[in-house]
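Undergrad: In our numbering, the protein residues as written are 4 to 430.
Note that beta-carbon positions come from the ideal geometry of N, C-alpha and C, so glycine has one too.
Being a predicted model, the structure only gives us computed values, none of them experimental.
Take this structure first; my questions come after.
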Ligand code: PSV
Ligand code: MN
């Protein structure tokens, strides 16, 4: 299934007048406050987020999985689904591949297909948290941290293979997330495990082309219950430092224990120029992987405040960040869920962009706590949805992407095309 510009324009027609009225009103309101509206519309329009190749099918839990039908059965179809999302939202201009779930058979053909949708290849992700068929050594007791050098060598080689695949597709970064850790006290020597992990990561880092970056993702628990080798941003940071200049920390929002101040972590890493990428999702209890902004939208806004302020005042030369959605779709249609995520991300970004940073700094310098809170909440409580819509409209997207999905019944069309029984690779 493909969506053409003409179809989107037609769909937008009867909604445009209402939208324009709302946007013009907001434009005036913001301009009166001294906000550079046109610049912000452009910044929002430029903000692109990668869709992971494993997000297009029904997710599941360890208790079960409920199929949705019409799932993409191969990488080509996954790219087509990202193409649909990008056509409607104009904000998903990249795909992030997980290897070996999505090894491209013919890299050139895959690239041509992605280009036709206006999609680039973002970070490639390695996978040493599962054993694959015919694999010589098992990762049951870890991969890059394993006590056996042969297992470590296999895991390092896998990461090198992933880099090779990424090079063919034009990717410029590798994300490493390790499940390595221990289930019971006593199982692992913490210091030795960390040292072995560091050695393995250094080998992978040395293999990367000069213009590549390494992202080291941390997570406090799961699948291991007692300890995780790369459990927090501090561990990720010291490993990144040990690897070199082009190694960075990756923040996945779900990878924090409840009530962790993620915005402070973001600020700290930006201060050191060591923030590489972001995985968006939301959670109530742990790594729930639900739609970003569905549970803690204010936290998301506070995180974007630090990102906007940190990148505007980029003393440490932090490079532009890699943005990706990393959520699981257990009960919602993944296409609709990803559209909701993209909207929530752009909205939080736009809200952060209208914060008067100079005024906020002045309030802080005077210890005017009330005013500082007022400034933040004034921005957060301004309804910027018309601005986000305008950015999408100017780029050729749909005014109401979910409305479009429903009007056309995209899932029914995909089921007709692909059948009910297809299952996407991934978790
Ligand atoms: C692990 O929980 C994670 O966040 C990593 O980014 C993985 O690559 C991804 O989820 C998919 O399992
Ligand atoms: Mn992640």
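1. Suppose the cutoff is 8 Å on Cβ atoms and the five residues either side in sequence are ignored; what does the same chain contact list for residue 47 look like?
2. Please report how far the alpha carbon of residue 423 lies from the alpha carbon of residue 62, in whole angstroms.
3. Quick check: residue 282 and residue 314, are their CB atoms within less than 7 Å of each other?
4. Can you list, in chain order, every residue whose CB sits closer than 7 Å to a heavy atom of the ligand MN?
5. Between residue 294 and the rest of its own chain, which residues show a CB-CB distance below 8 Å, the 5 nearest in sequence each way excluded?
6. Would you mind listing the beta strand (DSSP E) stretches within the region 263-298 that are 3+ residues and don't spill past its ends, in chain order?
7. Roughly how many whole angstroms lie between the Cα atoms of residue 220 and residue 35?
8. Could you pull the start and end residues of the beta strand (DSSP E) that residue 220 belongs to?
9. Using the three-state DSSP reduction, which class does residue 128 fall into: helix, strand or coil?
10. What are the uninterrupted segments assigned as alpha helix (DSSP H) that are 4 or more residues long and contained completely in the region 360-423, given in chain order?
11. Alpha carbon to alpha carbon, how far is residue 171 from residue 406? Give it in angstroms, no decimals.
12. Let me check one thing: in DSSP terms, what residues is residue 327 bridge-paired to?
13. Assuming residue 186 contacts residue 162 (C-beta within less than 8 Å), just tell me the rounded distance between them.
14. Opposite residue 177 in the DSSP bridges: which residues?
15. If you follow the alpha helix (DSSP H) that residue 102 is part of, which residue opens it and which one closes it?
16. For the ligand PSV, is there a heavy atom less than 6 Å away from the beta-carbon of residue 128?
17. Taking DSSP as the reference, what is the three-state secondary structure of residue 87?
18. Should residue 29 and residue 400 be called a contact, given that it needs their Cβ atoms to be closer than 7 Å?
19. Are the CB atoms of residue 246 and residue 210 within a distance shorter than 7 Å?
20. So, with DSSP's three-state summary, where would you put residue 253?
21. Mapping DSSP to helix, strand and coil, what is residue 65?
TA: In short, the structure shows the following:
1. Residue numbering aside, residue 47 sits at position 44 when the chain shown is read from its first letter. Setting aside the 5 residues that flank it on each side, residue 47 is surrounded in the same chain by 349, 352, 353, 356, 390, 391, 394, each with a C-beta closer than 8 Å to its C-beta; the list follows chain order.
2. The sequence position of residue 423 within the chain shown is 420, counting from 1. The sequence position of residue 62 within the chain shown is 59, counting from 1. Computed Cα separation, rounded: 16 Å.
3. For this step, residue 282 is matched to residue 279 along the chain shown. For this step, residue 314 is matched to residue 311 along the chain shown. Contact: no.
4. Every residue whose beta carbon comes nearer than 7 Å to a heavy atom of the ligand MN appears here in chain order: 180, 220, 255, 258, 282, 329.
5. Locating residue 294 in the chain shown gives position 291, where the first residue counts as 1. These residues qualify, in order along the chain: 284, 285, 330, 335, 340, 343, 344, 347.
6. Positions of the beta strand (DSSP E) runs, each at least 3 residues long and wholly inside the region 263-298, are given as 278-283 in order along the chain.
7. Indexing the chain shown from 1 puts residue 220 at position 217. Indexing the chain shown from 1 puts residue 35 at position 32. Cα atoms of residue 220 and residue 35: separation of roughly 42 Å, rounded to the nearest angstrom.
8. Your numbering for residue 220 matches position 217 in the chain shown. Residues 216-220.
9. Numbered from its first residue, the chain shown carries residue 128 at position 125. In this structure, residue 128 counts as strand in the three-state DSSP scheme.
10. Here the runs fully enclosed are 360-368, 372-383, 388-397, 404-411, 413-421.
11. The count along the chain shown starts at 1 and reaches residue 406 at position 403. The count along the chain shown starts at 1 and reaches residue 171 at position 168. Looking at the two C-alpha atoms, the distance is approximately 37 Å.
12. The residue labelled residue 327 in the question sits at position 324 within the chain shown. Paired residues: 53, 282.
13. By one-based count along the chain shown, residue 186 stands at place 183. By one-based count along the chain shown, residue 162 stands at place 159. Contact between residue 186 and residue 162 is ruled out by a C-beta separation of about 24 Å, above the 8 Å threshold.
14. Residue 177 sits at position 174 when you count from the first residue of the chain shown. Under DSSP, the beta-bridge partners assigned to residue 177 are 127, 217.
15. As a first step, residue 102 is located in the chain shown; it is residue number 99 there, counting from the start. Here residue 102 belongs to no alpha helix (DSSP H), and DSSP marks it neither H nor E.
16. Numbered from its first residue, the chain shown carries residue 128 at position 125. True, at least one ligand heavy atom lies under 6 Å from that Cβ.
17. Within the chain shown, the letter at position 84 stands for residue 87. It is helical.
18. As a position in the chain shown, residue 29 is number 26, starting the count at 1. As a position in the chain shown, residue 400 is number 397, starting the count at 1. With contacts defined as CB atoms closer than 7 Å, residue 29 and residue 400 fail to qualify as a contacting pair.
19. Indexing the chain shown from 1 puts residue 210 at position 207. Indexing the chain shown from 1 puts residue 246 at position 243. Against a cut-off of 7 Å, the Cβ pair of residue 246 and residue 210 comes out as no contact.
20. For this step, residue 253 is matched to residue 250 along the chain shown. Strand.
21. Residue numbering aside, residue 65 sits at position 62 when the chain shown is read from its first letter. Residue state, collapsed to three classes: coil.
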